[in-house]
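*Asks:*
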């Protein structure tokens, strides 16, 4: 009998090194573009039957272990698994919802903070590397959410379990790799939604309250200061939490810096890189070495591994360590600009459509389109 398992269970099996063989039945090009680490590819479409080579591949890959099958949306992996049963395999499972539902798996990571009153939870979207935050004050029992993704319940649950009431929702910028949950979450909770003041130049049609450079949101004794840090986008802001942690969005990552051509275009990417250099050197690197850098993303490889750290571990770094270890921060301006312009990676798929959605100019047609637009890892780092 073929079992059905939830993607959460698959994540648990991977993280605990449970013995099993994962087989991805999607077409080869889909598999090569984005897959789960360790998955074997055996393409299988509607009406297909196993060829001898397929059976040999499965036997060699499986080596007697339980088999878990996954596809794009759970449609082809099920007949694939029934076909396996017909060939004598008796321990076969199918991942419910396939890679579509795998892309919605989250981990919540409580972060250590110095002030007793401060609470910071990092919400990691495992398959894409998106990092959102719930930042709150214990004494005031209030919180803000920064860079929430489309699965807004994930952030409500974190706040509720921490005993916090969400009073503001903030985005660091108009995202290009995933659909923001900011406007939706703010509307659901009837609280203000914020972007940086320069978002007025991005034709954002959502209702939002602009935050100017230096403006502070107060949660009891915890201050969250807005710092204008253009480069990745013109309206990008970072949020300095109680002078201790800096939520950097796509300005500065643990492993890189933000790319600059998604808004500026290839012809103007150098201008964006110059703005980014200034923002990093004149704003971020002016902060104390002990400042904890908490980025908006971690880069994810094609086989779904974090470039730094692991899912469920905190993704962040001391600014002093990044100053010493991240080579990009040691370049002069001309070298920095040249590096960003000349070595830009492939653009995120569908990024222009995602920007349309995140400015409110053209909402997604339906849930299916929104899901399809977000498949695959983020690609926001230079």
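Residue numbers (the UniProt record's numbering): 1 to 382. C-beta atoms are modelled at their ideal positions from N, C-alpha and C, and glycine is treated no differently. These numbers come from a predicted model, not from an experiment.
Where do the N-terminal and C-terminal ends of the alpha helix (DSSP H) with residue 160 fall, by residue?
*Replies:* That run of the alpha helix (DSSP H) goes 153-161.
*Asks:* Please state if the CB of residue 273 and the CB of residue 260 are separated by a distance shorter than 7 Å.
*Replies:* Contact flag set, yes.
*Asks:* Looking only at its own chain, which residues have a Cβ that is under 6 Å from the Cβ of residue 180, when we skip the five neighbours before and after it?
*Replies:* Answer for residue 180: 171 and 358, listed in chain order.
*Asks:* State buried or exposed for residue 82, treating a residue as buried only when at least 16 other CB atoms are found within 10 Å of its CB.
*Replies:* The residue in question, residue 82, is exposed, as its Cβ has fewer than 16 Cβ neighbours within 10 Å.
*Asks:* I'd like to confirm the pairing. Which residues does DSSP put opposite residue 143 in its beta bridges?
*Replies:* BP columns for residue 143 point to 136 and 166.
*Asks:* Per DSSP, what are the beta-bridge partners of residue 195 in this structure?
*Replies:* Beta-bridge pairing links residue 195 to 210.
*Asks:* Using only the alpha-carbon positions, how far apart do residue 388 and residue 231 sit?
*Replies:* Outside the shown range of the chain (1 to 382) lies residue 388, about which nothing can therefore be said.
*Asks:* List in chain order: all unbroken alpha helix (DSSP H) runs of 4+ residues lying wholly within the segment 230-286.
*Replies:* The qualifying runs are 261-264 and 269-282.
*Asks:* Between the beta-carbon of residue 31 and the beta-carbon of residue 41, is there less than 7 Å?
*Replies:* Contact flag set, yes.
*Asks:* Do you know how far the Cα of residue 184 is from the Cα of residue 150?
*Replies:* Straight-line Cα distance between these residues: approximately 8 Å.
*Asks:* With DSSP as the reference, label residue 318 as helix, strand or coil.
*Replies:* DSSP places residue 318 in strand when its eight states are reduced to three.
*Asks:* Is the CB-CB distance between residue 202 and residue 174 below 7 Å?
*Replies:* Result yes, Cβ atoms of residue 202 and residue 174 sit closer than 7 Å.
*Asks:* Three-state secondary structure (DSSP) at residue 188?
*Replies:* Reduced to three states, the DSSP call for residue 188 is helix.
*Asks:* Going by Cα to Cα distance, which pick from 20, 177, 44 and 112 is closest to residue 376?
*Replies:* When only C-alpha atoms are compared, the closest one is 177.
*Asks:* What three-state label does DSSP hand residue 371 in the structure shown?
*Replies:* In the structure shown, residue 371 sits in a helix (DSSP, three-state: H, G or I).
*Asks:* Figure out for me which residue from 281, 205, 197 and 302 has the closest Cα to the Cα of residue 212.
*Replies:* Measuring from the Cα of residue 212, the nearest candidate turns out to be 197.
*Asks:* Does the Cβ of residue 218 have 16 or more other Cβ atoms within 10 Å, making it buried, or fewer, making it exposed?
*Replies:* Looking at its Cβ environment, which holds fewer than 16 other Cβ atoms inside 10 Å, residue 218 is exposed.
*Asks:* Let me check one thing: in DSSP terms, what residues is residue 92 bridge-paired to?
*Replies:* Beta-bridge pairing links residue 92 to 67.
*Asks:* Report the partner residues of residue 295 according to the DSSP bridge assignment.
*Replies:* Per DSSP, 249.
*Asks:* According to DSSP, is residue 223 helix, strand or coil?
*Replies:* Here residue 223 sits in strand by DSSP.
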